[in-house]
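One structure is given here, and the rest of the page talks about it.
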Amino acid sequence: MALKWKEQYSTGVWWQDKQHKELFDRLGMLLDALEHSRVREDISTLFEYLESYAIRHFSSEEASMERTGYSGRRAHSGEHRRFLQELAALKSEFEEAATLALIIKVQRQLAEWFVSHIGNMDKSLGAFLRAQEAKHEAVVNC
Ligand SMILES: [Fe+2]
Ligand SMILES: [Fe+2]
Numbered sequence: 050m051a052l053k054w055k056e057q058y059s060t061g062v063w064w065q066d067k068q069h070k071e072l073f074d075r076l077g078m079l080l081d082a083l084e085h086s087r088v089r090e091d092i093s094t095l096f097e098y099l100e101s102y103a104i105r106h107f108s109s110e111e112a113s114m115e116r117t118g119y120s121g122r123r124a125h126s127g128e129h130r131r132f133l134q135e136l137a138a139l140k141s142e143f144e145e146a147a148t149l150a151l152i153i154k155v156q157r158q159l160a161e162w163f164v165s166h167i168g169n170m171d172k173s174l175g176a177f178l179r180a181q182e183a184k185h186e187a188v189v190n191c
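Numbers given in this note's numbering equal positions in the sequence shown, counted from 1, plus 49.
Written out as structure tokens, the structure is:
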């Protein structure tokens, strides 16, 4: 299953887009390995590879929400936690038994979460951050 970042996922905030592209790449590698590889250790490593960058990315967004006093930060951070819990649960399910049904579940849940979270919550955050930036620039240029 090809999973690629598309322009339509852009939040308009450069560092968010850059990090989302990396997340898409890592998720794509995991999905690809689930489809084609039979080496269990490799797939476990790819789960961890995705998880480590997701943690890093979520921290960046959460720090920016704290810094700017973004009102949706609790709900947004809650979705991040949910993703990490889902990822951990899928990884341990996979380690017990790598069934085809599970592989499809991993593909669906993770890819859908990404597209839906980026398309809704991250885009809203991006719009807020851009507005904050514009306000700040207006003050600096006065
Ligand atoms: Fe987010
Ligand atoms: Fe994000």
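Positions of the beta carbon are idealized from the N, C-alpha and C atoms, including for glycine.
Original post:
For residue 66, is the beta carbon positioned less than 7 Å from some heavy atom of ligand 2?
Top reply: Relative to ligand 2, even the nearest heavy atom lies 7 Å or more away from the CB of residue 66.
Original post:
Which residue's Cα is closest to the Cα of residue 160: 57, 90, 184, 77?
Top reply: Here the closest residue by C-alpha is 77.
Subject >> C-alpha gap between residue 113 and residue 74, whole angstroms >> reply: Their Cα atoms are separated by approximately 23 Å.
Subject >> Coarse secondary structure for residue 190, derived from DSSP in three states >> reply: The three-state secondary structure of residue 190, taken from DSSP, is coil.
Original post:
According to DSSP, is residue 119 helix, strand or coil?
Top reply: Residue 119 sits in coil when the DSSP states are folded into three classes, being neither helix nor strand.
Subject >> Close Cβ partners of residue 129 (< 6 Å) along its chain, the five nearest in sequence each way excluded >> reply: Non-local beta-carbon contacts of residue 129 in its own chain, meaning distances under 6 Å to residues more than five positions away in sequence, involve 107 in chain order.
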